[in-house]
Structures are given as C-alpha cells and as structure tokens.
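Participant:
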Amino acid sequence: MADTPTVDQLMLQIAEQYATLSRQLKIIATYVEQHRSSLMLERISDIAEHCQVQPSAIVRFAKQFGFSGFSEMQAVFRDAYTAQAIPSQNYQQRIRKLIDAKPTPLTSGSMAREFIAASRSGLDELLNGMDDSQFDAAVKLLQKAENIYVIGVRRSFPIASYIVYALQHTNKRVHLLSGLGGMIREQIRSIGKNDVVIAISFTPYGKETQACVRLAHHHQAKSLVITDSQLSPLARHASVLLTVKEGSAFAFRSLTNAMCLCQALFIALAYRLELNVEETGAIEGYDE
C-alpha cells in the first residue's frame with residue numbers, strides 16, 4: 001500500500017464497508033474486530049478455521065482493503081500491538097523497564113514534563129478529531145433522559161465518578177453503577193426505555209461495562225458509549241459513540257482526554273438546560 005493505515009483507520013474502513021461485504025467477508029471482519037490485539041500472532045490457517053472459510057477468503061479480505069495479502073495486513077496489527085504490549089505489565093514492571101531503558105536516572109521534574117507533554121499532545125489529537133455531530137447528539141441524549149446510569153470500571157472508574165459528580169449538579173436523576181457487593185446487575189435492573197447509560201471503557205474493555213450496555217439494550221434504553229475505537233465491542237449497541245485516545249508516556253496512559261471530554265459534555269448539557277453551574281453553598285456545616 002502507498003500509505004499504510006493505522007489499526008484505527010483500518011477498522012474505520014471496515015466499519016464503513018461492512019454492509020457491502022459478502023457473508024464470508026463479514027464473518028472475517030467480525031473476527032478481526034474481536035481479535036485485533038492477538039491477530040499479529042495468528043496464522044492464516046488458524047483464522048480461516050475459526051471463521052470456517054478457506055485461507056483464500058482471508059487473502060481476499062486483505063485485498064478488499066488495499067493490502068497485497070494477509071501478511072501485509074497483519075503487519076499493521078503487529079506494529080500497533082507490539083508497542084502496546086507494555087501496558088499489560090503491572091506498575092512495578094513498567095517502572096523497572098523505565099529505569100532499565102534510561103542510561104542515567106531521570107529527575108522527577110523531567111518525568112513530569114514528559115508526561116504533561118504527552119497529555120497535551122493527546123488533547124491536540126482530541127481537538128482535531130472532534131466529531132461535533134456525535135457530541136451534539138450525546139448532549140441531546142442526556143437532555144432527554146429521565147434517568148442516567150454511569151458505568152466505568154478500573155482505569156475508567158475515576159472518569160465515571162467525575163461525570164456522576166458533575167451531573168448531580170443538574171436536576172437529572174443520576175446513578176453510579178459501582179458494582180459494590182457484586183450487585184451491578186441489580187443496580188441497573190430498573191433501567192427503562194426513557195433512560196440512558198453512559199458506558200466508559202477502553203481496551204481491553206471491562207466485562208462489567210459490556211454487560212451493562214447489553215442489559216440497557218435489552219431494556220430498550222439508550223447508550224452513550226465513550227471508548228477508544230468505533231469497533232470497540234461496546235460500540236455495537238451504542239446510541240451515540242464518542243471516541244477518545246489518550247496520550248501516553250513511560251508506558252502509562254493518561255486520563256486527560258477522557259476527563260476533558262466528560263467535562264465538556266457536562267458544560268454543554270448545563271448550557272442547554274440553562275443551569276447555573278456554580279458550586280452549591282455549604283449545607284449544615286459541610287464544606288464543598
């Protein structure tokens with residue numbers, strides 16, 4: 001190919017052409033979507049066996065999207081996910097790798113500046129890739145919602161907690177799906193067709209978050225999905241999809257972009273609701 005696409009660009013092409021693909025190629029497209037982090041390790045014969053197609057169909061799929069063959073397409077995933085393998089390590093392993101990679105010890109200030117620069121770069125990418133129509137649709141969705149349920153686990157939990165805090169400054173009924181006591185299904189069981197679930201998750205995608213989106217769909221509720229790809233497993237039942245990529249440094253991903261997006265979402269909703277978004281006064285001696 002003249003210009004090799006990124007994984008996300010390729011996934012977007014696949015999503016755009018999906019409806020026009022043959023049945024076999026649709027099966028392969030679904031497999032690629034669900035296994036893109038491991039595709040770099042798989043043989044064409046294994047993929048063909050899983051998809052119950054001939055290996056020639058895999059080659060045909062690759063050529064459909066401008067590659068000379070399967071190996072060239074596989075290289076796109078290899079280049080992307082080899083670099084992203086580091087985040088699967090625990091925090092201690094990441095710090096140790098950082099120490100081993102630098103010839104001289106880093107100062108705390110230089111590390112902070114590099115991480116801040118990566119976050120700022122991520123914000124520039126968020127700004128340039130902003131989809132105004134989807135963002136506006138997200139605001140309208142929340143404006144019409146009778147109840148808003150919010151789910152975000154592990155790395156996404158601070159973002160979910162923030163947007164619940166912010167939305168509680170509106171007159172909306174807002175519920176954080178914390179899963180405390182393993183009760184996440186019970187917490188969302190009353191969701192109805194006039195409600196919205198805000199689901200926040202990034203690769204490798206929380207199973208609890210995926211389950212909440214499926215349950216919301218089952219109850220005919222709407223879903224506002226905030227994730228990192230249009231082919232995220234959460235996107236399938238999304239009423240509105242907002243994609244956000246984070247900057248990273250030292251193998252640690254920032255939360256800056258997702259937090260900024262959620263703050264902007266709240267401000268836009270508050271503006272539409274004509275709210276006074278100033279902090280409320282202290283109540284019975286409690287400080288804000």
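For the record, in the sequence shown the residue sitting at position 157 is 157 according to the UniProt record's numbering, with numbers rising by one throughout.
For each residue, glycine too, the CB sits at the ideal point set by N, CA and C.
Keep in mind that this is a model prediction, so the values were computed, not measured.
Kindly indicate the opening and closing residues of the beta strand (DSSP E) around ARG173.
Facilitator: Here residue 173 is taken as the residue at index 173 of the sequence shown, counted from 1. From DSSP, the beta strand (DSSP E) with ARG173 extends over 173 to 176.
Participant: Tell me the rounded alpha-carbon separation between ALA216 and GLN34.
Facilitator: In the sequence shown, residue 216 corresponds to position 216, counting from 1. In the sequence shown, residue 34 corresponds to position 34, counting from 1. Computed Cα separation, rounded: 21 Å.
Participant: Report back the beta-carbon spacing between ASP122 and SER156 to the nearest angstrom; my notes put them in contact at under 8 Å.
Facilitator: Sequence index remark: in the sequence shown, residue 122 carries index 122 (1-based). Sequence index remark: in the sequence shown, residue 156 carries index 156 (1-based). According to the sequence provided, residue 122 is Gly. The question's Asp does not apply to it. So it is not a contact: roughly 16 Å between Cβ atoms.
Participant: Per DSSP, which one or two residues make a beta bridge with ALA199?
Facilitator: Taking the sequence shown and counting its residues from 1, one reaches residue 199 at position 199. DSSP lists ILE151, VAL225 as partners of ALA199.
Participant: Going by alpha carbons, who is nearest to ARG272 out of VAL139, GLN54, VAL32?
Facilitator: Reading the sequence shown from its first residue, position 272 is the one you call residue 272. Among VAL139, GLN54, VAL32, the Cα nearest to that of ARG272 belongs to VAL139.
Participant: Kindly identify the DSSP beta-bridge partner or partners of LEU241.
Facilitator: Along the sequence shown, one-based indexing puts residue 241 at 241. Answer by DSSP bridge pairing, in chain order: VAL225.
Participant: Would you report the Cα separation of LEU142 and ILE148, rounded to the nearest angstrom?
Facilitator: Locating residue 142 in the sequence shown gives position 142, counting from the first residue. Locating residue 148 in the sequence shown gives position 148, counting from the first residue. Roughly 7 Å separates the two Cα atoms.
Participant: Could you give the DSSP three-state label for VAL53: helix, strand or coil?
Facilitator: Here residue 53 is taken as the residue at index 53 of the sequence shown, counted from 1. In the structure shown, VAL53 sits in coil (DSSP, three-state: anything other than H, G, I, E or B).
Participant: Short check: CB of ILE151 to CB of GLU186, under 8 Å?
Facilitator: Taking the first residue of the sequence shown as position 1, residue 151 is located at position 151. Taking the first residue of the sequence shown as position 1, residue 186 is located at position 186. No, the pair does not count as a contact, with Cβ atoms beyond the cut-off.
Participant: Between the alpha carbons of GLU114 and GLU125, how many angstroms are there, rounded?
Facilitator: Residue mapping note: residue 114 aligns to position 114 of the sequence shown, counting from 1. Residue mapping note: residue 125 aligns to position 125 of the sequence shown, counting from 1. GLU114 and GLU125: Cα-Cα distance of roughly 17 Å.
Participant: Determine the contact status of CYS262 and ILE159, defining contact as a CB-CB distance below 8 Å.
Facilitator: As a working note, residue 262 is residue 262 in the sequence shown. As a working note, residue 159 is residue 159 in the sequence shown. Cβ distance < 8 Å, so CYS262 and ILE159 count as in contact.
Participant: Between the alpha carbons of ALA270 and ARG214, how many angstroms are there, rounded?
Facilitator: As a working mapping, residue 270 is identified with position 270 in the sequence shown. As a working mapping, residue 214 is identified with position 214 in the sequence shown. Taking the straight line joining both Cα atoms gives about 28 Å.
Participant: Any idea what DSSP makes of TYR271, helix, strand or coil?
Facilitator: Indexing the sequence shown from 1 puts residue 271 at position 271. Helix at TYR271.
Participant: So what's ASN128 in DSSP terms, helix, strand or just coil?
Facilitator: The count along the sequence shown starts at 1 and reaches residue 128 at position 128. Of the three classes helix, strand and coil, the one that applies to ASN128 here is helix, per DSSP.
Participant: Kindly give me the distance between the Cβ atoms of PHE61 and LEU25, rounded to whole angstroms, as I take these residues to be in contact under 8 Å.
Facilitator: Working through the sequence shown from its first residue, we reach residue 61 at position 61. Working through the sequence shown from its first residue, we reach residue 25 at position 25. Yes, PHE61 and LEU25 are in contact; Cβ-Cβ is about 5 Å, under 8 Å.
Participant: Identify, in the order they occur along the chain, each residue of the same chain with its Cβ nearer than 8 Å to the Cβ of ALA83, setting aside the five sequence neighbours on each side.
Facilitator: Taking the first residue of the sequence shown as position 1, residue 83 is located at position 83. Because the pLDDT at ALA83 is just 49, under 50, the model does not fix this residue reliably, and the value given afterwards should be weighed accordingly. Cβ within range, chain order: n/a, list empty.
Participant: Got a sec? Which residues, its chain only, sit under 6 Å from ALA238 by beta carbon, not counting five neighbours each side?
Facilitator: Reading the sequence shown from its first residue, position 238 is the one you call residue 238. Cβ neighbours of ALA238 beyond the five flanking positions: SER223, VAL225.
Participant: Could you work out which residue in TYR18, ASP8, LEU10, VAL244 is closest to GLN134 when comparing CA atoms only?
Facilitator: Sequence index remark: in the sequence shown, residue 134 carries index 134 (1-based). Nearest of TYR18, ASP8, LEU10, VAL244 to GLN134, Cα basis: VAL244.
Participant: With a cut-off of 8 Å on the beta carbons, I'd call SER229 and ASP46 a contact; round off their distance for me.
Facilitator: Counting from one through the sequence shown, the residue named residue 229 turns up at place 229. Counting from one through the sequence shown, the residue named residue 46 turns up at place 46. About 23 Å; that fails the 8 Å criterion.
Participant: Measure the C-alpha to C-alpha separation of VAL153 and TYR165 and round it to an integer number of angstroms.
Facilitator: Locating residue 153 in the sequence shown gives position 153, where the first residue counts as 1. Locating residue 165 in the sequence shown gives position 165, where the first residue counts as 1. When rounded, the distance between both Cα atoms is 16 Å.
Participant: Under 8 Å by Cβ, that's how I've got ALA221 and GLY179 pegged, so tell me the actual separation to the nearest angstrom.
Facilitator: In the sequence shown, the residue the question calls residue 221 occupies position 221. In the sequence shown, the residue the question calls residue 179 occupies position 179. Rounded, the Cβ-Cβ distance is 18 Å, inconsistent with contact.
Participant: Could you check whether ALA118 and SER254 sit closer than 8 Å to each other, using their CB atoms as the reference points?
Facilitator: Along the sequence shown, one-based indexing puts residue 254 at 254. Along the sequence shown, one-based indexing puts residue 118 at 118. The answer is yes: Cβ separation under 8 Å.
Participant: Provide the residue span of the alpha helix (DSSP H) that contains PRO158, from first to last.
Facilitator: The count along the sequence shown starts at 1 and reaches residue 158 at position 158. First-last of the alpha helix (DSSP H) with PRO158: 157 to 167.
Participant: May I have the straight-line CA-CA distance separating PHE65 from LEU10, to the nearest angstrom?
Facilitator: The residue labelled residue 65 in the question sits at position 65 within the sequence shown. The residue labelled residue 10 in the question sits at position 10 within the sequence shown. Distance between the alpha carbons of PHE65 and LEU10: 8 Å.
Participant: Run through DSSP, which three-state label would LEU142 get?
Facilitator: In the sequence shown, counting from the first residue as 1, residue 142 sits at position 142. Reduced to three states, the DSSP call for LEU142 is helix.
Participant: Going by CA-CA distance only, name the one from PHE67, TYR31, ASP195, TYR162 that's closest to THR6.
Facilitator: Locating residue 6 in the sequence shown gives position 6, where the first residue counts as 1. Comparing Cα positions, the closest option is PHE67.
Participant: Could you please give the first and the last residue of the uninterrupted alpha helix (DSSP H) stretch that includes ILE27?
Facilitator: Within the sequence shown, the letter at position 27 stands for residue 27. From DSSP, the alpha helix (DSSP H) with ILE27 extends over 23 to 34.
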